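Below is one structure; the comments refer to it alone.
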Amino acid sequence: MEVRKGVFYGVGVGPGDPELLTLKALRTLERCPVIAAPRTKSGETLALDIVRRAMPLEGKTILPLEFTMSRDPAVLRASRLRAAEAIAAHLAAGLDTAMLNLGDVSIYATFGYLMDILAGEGYEAVMVPGVPSFCAVAARLGTSLTTVSSPLHILPGFGGSLEEQLSLPGTKVLMKSGRQLPQAVETLRQKGLLQQAAMVRDCGLPTEEVCRDLTQLRPDTGYFATVIVKE
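What follows is the structure, given as structure tokens:
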């Protein structure tokens, strides 16, 4: 008799506030015996910490996943293969496994890479959407992202073509800037867009910081900073 394979779930947990976890996300996590949680080099598990504030995790197997911050394609690929192998061990045993993802599972989410790897090995993958960080940031700033006729552009803040992309019409969202945030702010200054930009760091977390004047931006703002540039 063929052994049932576990299902691989990607669960968006929102940007930080546990009240932004959806009912579907919570129900998926409740029925999955294995929770895969990204862990930083310093041992932090931010997505897991958010979930712990929303539901009990007693009896769950917690599978830490460590991903590199390198941009070397070979190093990234090796990191993702290691994570997929660790998850596959549980799926092969018939255990449904949920991987936690900050924000929404379809936006700059590592889950997508693992989903492709594991789907290629014959495992079923299901995506459970979450509240995107830029939507929570817009709500925190009290601003709409679009009008009836204006487009919305989601840009990686580290992209080399940021200057060109900032010329696009409509609202621009800069995500995942990291160490390049000061450079992104300088590009905004050169384009004359600083007055139209605002930022929220760690939206929904106890360390949340709102900055409506990017000339006052602290140099240690960090990775989880989202900038909104209104047209």
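Residues 16 to 246 (this note's numbering) make up the sequence shown, in order.
Beta carbons are placed, not taken as given, at the ideal position from N, Cα and C, and that holds for glycine.
The model shown is predicted, which means the values in this text are computed figures rather than measured ones.
Determine the closest residue to GLU34 out of ILE77, ARG67 and PRO48, with distance taken between C-alpha atoms.
ARG67
For a test of the three-state rule: what should DSSP assign to LYS20, helix, strand or coil?
DSSP places LYS20 in coil when its eight states are reduced to three.
For ARG86, count neighbouring C-beta atoms within 10 Å of its own C-beta (all shown protein chains included) and say buried if the count is 16 or more, exposed if not.
exposed
Report the option in ARG42, THR162, PHE23 and PRO30 whose CA atom is closest to the CA atom of GLY256.
Since the displayed the chain opens at 16 and closes at 246, residue 256 lies outside it and no answer follows.
Option nearest PRO184 by Cα separation, candidates ARG204, ARG194, GLN198 and THR161:
Here the closest residue by C-alpha is THR161.
So PRO197 is in the alpha helix (DSSP H); what residue range does that whole segment cover?
Counting along the chain, the alpha helix (DSSP H) containing PRO197 begins and ends at 196–205.
If you check the beta carbons only, do VAL143 and TYR24 fall under 8 Å apart?
yes
Determine the DSSP secondary structure at ILE50, reduced to helix, strand or coil.
strand
Comparing C-alpha positions only, which one of SER57, LEU63 and GLU59 sits nearest to ALA40?
LEU63
In angstroms, rounded to a whole number, what distance separates the CA positions of VAL225 and ARG216?
6 Å
Inter-residue CB distance, VAL26 and THR43 (contact presumed, cutoff 8 Å)
6 Å
From the DSSP secondary-structure annotation, give me the bridge partner or partners of MET114.
GLY25 and ALA51
Segment contact flag, the region 198–207 with the region 128–138, C-beta cutoff 8 Å, min 3 pairs:
Judged by Cβ distances under 8 Å, the region 198–207 makes no contact with the region 128–138, as fewer than three pairs qualify.
Proximity of SER148 and GLY118 at Cβ, strictly below 8 Å
In contact: SER148 and GLY118 (Cβ atoms closer than 8 Å).
Inter-residue Cα distance where the pair is THR55 and GLU81
6 Å
Three-state secondary structure (DSSP) of ALA108
Residue state for ALA108 is assigned as coil, using DSSP reduced to three classes.
What residue ranges within the region 110–173 form continuous alpha helix (DSSP H) runs of no fewer than 4 residues, ordered along the chain?
126–135 and 148–156
By the three-class DSSP mapping on this structure, what secondary structure does THR60 have?
coil
Sub-8 Å separation of MET70 and GLU100 beta-carbons:
no
Going by the beta-carbon positions, is the gap between GLY109 and LYS20 smaller than 8 Å?
Yes. Within cutoff.
Measure the alpha-carbon distance for LEU115 versus LEU181 and round it to whole angstroms.
31 Å
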